[in-house]
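Those letters in the sequence shown? Residues -19 to 101, by the numbering used here. We put the beta carbon where it would ideally sit given N, CA and C, even for glycine.
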Amino acid sequence: MFKKGLLFVMLLTAFAFGVVACGGNTTAPAPGGQAPQEGTTGGDATNTEATSLYNANCMACHATDLSGGGNFPSLQNVGGKYDASQISAIITNGRNGMPAFQGKLSADEINVLSEWLSAKK
Ligand code: HEC
-19 MFKKGLLFVM LLTAFAFGVV ACGGNTTAPA PGGQAPQEGT TGGDATNTEA TSLYNANCMA
41 CHATDLSGGG NFPSLQNVGG KYDASQISAI ITNGRNGMPA FQGKLSADEI NVLSEWLSAK
101 K
């Protein structure tokens, strides 16, 4: 009798735990995943915003580490080539194979990206 009761309690606990774990996974992926990145890039809020804008809009062509590849230029030292306003013009208007982001990103978002990239020298 006692043993059965204990088993039941253990099963209940395991079940409750499972539910809590699943809930946690679905509600908190973004902040959890971002935190270590912030640390490694020494990042402030702007850095974090730029990284997530980059990942959502640019990474497909310019690669996760900005190294580019194929017809896509590396952006790793792009700040040595262009200043923030030149980069902002490229993002806004596009150039050759580079799509224009006017209307897709706000001027603020393009600014954040341009400032961030202009520091990559
Ligand atoms: C569809 C693929 C694609 C996407 C998405 C894309 N780019 Fe590009 N990007 C290119 C190509 C291709 C070039 C080279 C253009 C040229 O040769 O004139 C380029 C060039 C650039 C340059 C100039 C590099 C240089 O050395 O001259 C910058 C800066 C740049 N991209 C930033 C971005 C940013 C920031 C985003 C996201 C908002 C982005 N790109 C998204 C394809 C892409």
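{"Query": "Counting by C-beta, which residues lie closer than 7 Å to a heavy atom of ligand 1, in chain order?", "Result": "Leu33, Tyr34, Asn37, Cys38, Ala40, Cys41, His42, Asn51, Phe52, Pro53, Leu55, Val58, Lys61, Tyr62, Ile67, Ile70, Ile71, Arg75, Asn76, Gly77, Met78, Pro79, Phe81, Leu85, Leu93, Leu97"}
{"Query": "Can you give the Cα-Cα distance for Tyr62 and Lys84, rounded to whole angstroms?", "Result": "22 Å"}
{"Query": "Any idea if Ala25 is buried or exposed, counting beta-carbon neighbours within 10 angstroms, 16 or more meaning buried?", "Result": "exposed"}
{"Query": "Taking a contact to mean a Cβ-Cβ separation below 8 Å, would you say Lys100 touches Leu46 in this structure?", "Result": "yes"}
{"Query": "Select from Trp96, Pro79, Ser86, Leu97 the residue whose C-alpha is nearest the C-alpha of Cys41.", "Result": "Pro79"}
{"Query": "Measuring CB to CB, does Asn51 end up less than 8 Å from Gly77?", "Result": "yes"}
{"Query": "Which word fits Ala87, buried or exposed, when buried means at least 16 other C-beta atoms lie within 10 angstroms of its C-beta?", "Result": "exposed"}
{"Query": "In terms of DSSP beta bridges, what is Met78 paired with?", "Result": "Arg75"}
{"Query": "Thr44: buried (16+ other C-beta within 10 angstroms of its C-beta) or exposed?", "Result": "exposed"}
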